[in-house]
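Please read the structure below before turning to the comments.
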């Protein structure tokens, strides 16, 4: 994993700076560089919460070039390319693609975010090695600065792994459950041609629901009792 | 894709409510329900920006139950389980897993977010069919409310592609299923003191498994047949 430097270009609202610092600490990022920012003021510290230490250690510089020099590679966050900048911009990648790309890299990566109102200017975008755009709906494509930053931090913090949903009832417990369900089908003389399919379906539902141990015991209890009641009633006939 | 309803439980800061509304419009979500919120005030509208229309159409209710009734399935956003609630909580899934799960579903899904300070209480978490936790760093695991919401919205807006769309068994079908299960408990003279708890548990398992229409009909058929067999055997005695 690379080492990340978060660079905010001329941020205008102290609350946003604080919010970015907070999100940085949520996702294990430490280096904040502010280029020609507004006065930090109380709001910045208030919004930073437990990320206050990041704000206190932030570096303030006057020129973007000073920040860019600190990183080996610059990732610029931008909206969808407009006609005016499409000519020279490479097509941006998504945050997920960025996370996949970065997962296997080392080095110092600058994550550059633009002003709240005008974003990054064309001249600034030209300095970026990679552009990233967060997919949004056309009705309102402009994200809050700290929201955009949070999404990138989040993606970079937990890069893609295999998505395995955990199940809880153990395999032994699940066998018991499936046996009880099969017994129930037997006792109620369920249509033979549907039996196998129904058992498989039930097994899948149980796996998907991810039963807790307690849920397993309760549900198994219901089936077990149903089987016993039917058996007893048959004997009493 | 399901239809989402965003539910904020007793939000305390107008700015957060506005920020959530803004993020909702970024990611094409429209239905906001506020349960016993603070006064909305200027900050809420100021932070909502182009998502102001969402705030203006937000529904305000007094009780969580009113909001829960609007959805077929409830997803609760929570931090990592603590020792005090680990006993009864299922292990939460990640936002990416949630997006994968939802990609192939339809129906009405409630996304429930807790208070800024105390999150969702144990009693409230028990109402959730699915729990989701955003992976964060242990140094500062507590996300800002609107940051957490934005990450979920973002993941659900561009889910992994899925070819097969499954329809959630609708609320009418689910009522039929729950009635059949209740009938079965009745016929097998299930312990009365456990009956209510077991019914609730069954309802949750079914909701969580996200039954397809076909699965619903098959499972309902099994219960229906079991009830009939027991009834008939009793009469034949």
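Residue numbers (our numbering), protein chains in the order written: chain A, 13 to 249; chain B, 13 to 249.
Note that CB positions come from ideal geometry on N, CA and C, so glycine has one too.
Please work out which residues of its chain come closer than 7 Å, Cβ to Cβ, to residue i, disregarding the five sequence neighbours upstream and downstream, and give them in chain order.
i                      : result
residue 53 of chain B  : 26
residue 180 of chain A : Its pLDDT being 47, under 50, residue 180 of chain A is placed unreliably in this model, and the coordinates cannot settle the point.
residue 22 of chain A  : 47, 48, 49 and 127
residue 176 of chain A : Annotation note: pLDDT 37 at residue 176 of chain A (below 50); position unreliable, coordinate value reported separately. Counting only Cβ-Cβ distances below 7 Å, and skipping sequence neighbours, we find nothing.
residue 243 of chain A : 199
residue 158 of chain B : 28, 31, 32 and 35
residue 37 of chain B  : 62, 63 and 66
residue 140 of chain B : 86, 87, 88 and 124
Would you call the CB atoms of residue i and residue j closer than 7 Å?
i                      : j                      : result
residue 142 of chain B : residue 87 of chain B  : yes
residue 125 of chain B : residue 20 of chain B  : yes
residue 47 of chain A  : residue 73 of chain A  : yes
residue 165 of chain B : residue 35 of chain B  : yes
residue 250 of chain B : residue 238 of chain A : There is simply no residue 250 of chain B to check, as chain B begins at 13 and stops at 249 in what is shown.
residue 163 of chain B : residue 107 of chain B : yes
residue 10 of chain B  : residue 192 of chain A : Past the boundaries of the shown model lies residue 10 of chain B; chain B is included only from 13 to 249, so the question cannot be answered.
residue 185 of chain A : residue 249 of chain B : no
residue 138 of chain B : residue 14 of chain B  : no
residue 45 of chain B  : residue 83 of chain B  : no
Relative to the C-alpha of residue i, which residue among the options is closest?
i                      : options                       : result
residue 113 of chain B : B:215, B:64, B:148 and B:221  : B:221
residue 155 of chain A : A:204, A:89 and A:233         : A:89
residue 189 of chain B : B:243, B:75, B:216 and B:82   : B:216
residue 30 of chain B  : B:65, B:13, B:104 and B:153   : B:65
residue 91 of chain A  : A:105, A:83 and A:80          : A:105
residue 211 of chain B : A:231, A:195 and A:212        : A:231
residue 16 of chain A  : A:60, A:161 and A:153         : A:161
residue 59 of chain B  : A:238, A:28 and A:18          : A:28
residue 121 of chain B : B:81, B:205, B:192 and B:70   : B:81
residue 18 of chain B  : B:43, B:140 and B:109         : B:43
residue 229 of chain A : B:209, B:129 and B:56         : B:209
residue 202 of chain B : A:233, A:203, A:144 and A:204 : A:233
residue 187 of chain A : A:205, A:218 and A:204        : A:218
residue 24 of chain A  : A:204, A:129 and A:205        : A:129
Since residue i and residue j are thought to touch, with beta carbons under 8 Å apart, how far apart are those beta carbons, to the nearest angstrom?
i                      : j                      : result
residue 119 of chain B : residue 85 of chain B  : 7 Å
residue 148 of chain A : residue 235 of chain B : In fact, because the Cβ distance is near 45 Å, the residues do not count as touching under 8 Å.
residue 1 of chain A   : residue 136 of chain A : Residue 1 of chain A is absent from the model: chain A starts at 13 and stops at 249.
residue 213 of chain A : residue 227 of chain B : 6 Å
Could you name the residues of the same chain whose beta carbon sits closer than 6 Å to that of residue i, not counting the 5 residues immediately before and after it, in chain order?
i                      : result
residue 197 of chain A : 207
residue 111 of chain B : 167, 168 and 171
residue 71 of chain A  : 45
residue 109 of chain A : none
Does any residue of chain C bring its CB to less than 7 Å from the CB of residue i?
i                      : result
residue 192 of chain B : This model lacks chain C altogether; the protein chains it does include are A and B.
Between residue i and the rest of its own chain, which residues show a CB-CB distance below 8 Å, the 5 nearest in sequence each way excluded?
i                      : result
residue 153 of chain B : 91 and 92
residue 174 of chain A : Residue placement at residue 174 of chain A is poorly supported in this model, since its pLDDT is 37, which falls under 50; the coordinates are not used for a value here.
residue 51 of chain B  : 26
residue 56 of chain B  : 26, 27, 29, 30, 33 and 67
residue 204 of chain A : none
Practice prompt. Could you list the residues in the stretch 133–144 of chain B with a C-beta less than 9 Å from some C-beta on chain A, going in chain order?
Written response: none
Practice prompt. Compile a chain-ordered list of the residues in the stretch 43–59 of chain A whose CB is closer than 7 Å to at least one CB of chain B.
Written response: none
Practice prompt. Quick one: which residues of the stretch 18–42 of chain A get their C-beta closer than 7 Å to a C-beta of chain B? List them in chain order.
Written response: 31, 34, 35, 37, 38, 39 and 40
Worksheet item: What residues in the stretch 112–128 of chain B have a beta carbon less than 7 Å from any beta carbon of chain A?
Response: 112
Worksheet item: Using a beta-carbon distance cut-off of less than 8 Å, what residues from the stretch 148–161 of chain A approach chain B?
Response: 148, 149, 151, 152, 153, 154, 155, 156, 158 and 159
Fill in: Selection of the stretch 61–81 of chain B by Cβ proximity to chain A, strictly under 8 Å
61, 62 and 63
Worksheet item: Which residues, in order along the stretch 215–230 of chain A, keep a beta-carbon less than 7 Å from a beta-carbon of chain B?
Response: 217, 220, 221, 222, 223, 224, 227 and 230
Worksheet item: Listed in chain order, which residues of the stretch 233–249 of chain A have Cβ atoms closer than 7 Å to some Cβ of chain B?
Response: 234, 237, 238, 241, 242, 245, 246, 248 and 249
Discussion item. Can you pull out the residues from the stretch 202–213 of chain B whose beta carbon lies closer than 7 Å to at least one beta carbon of chain A?
Written reply: 202, 210 and 213
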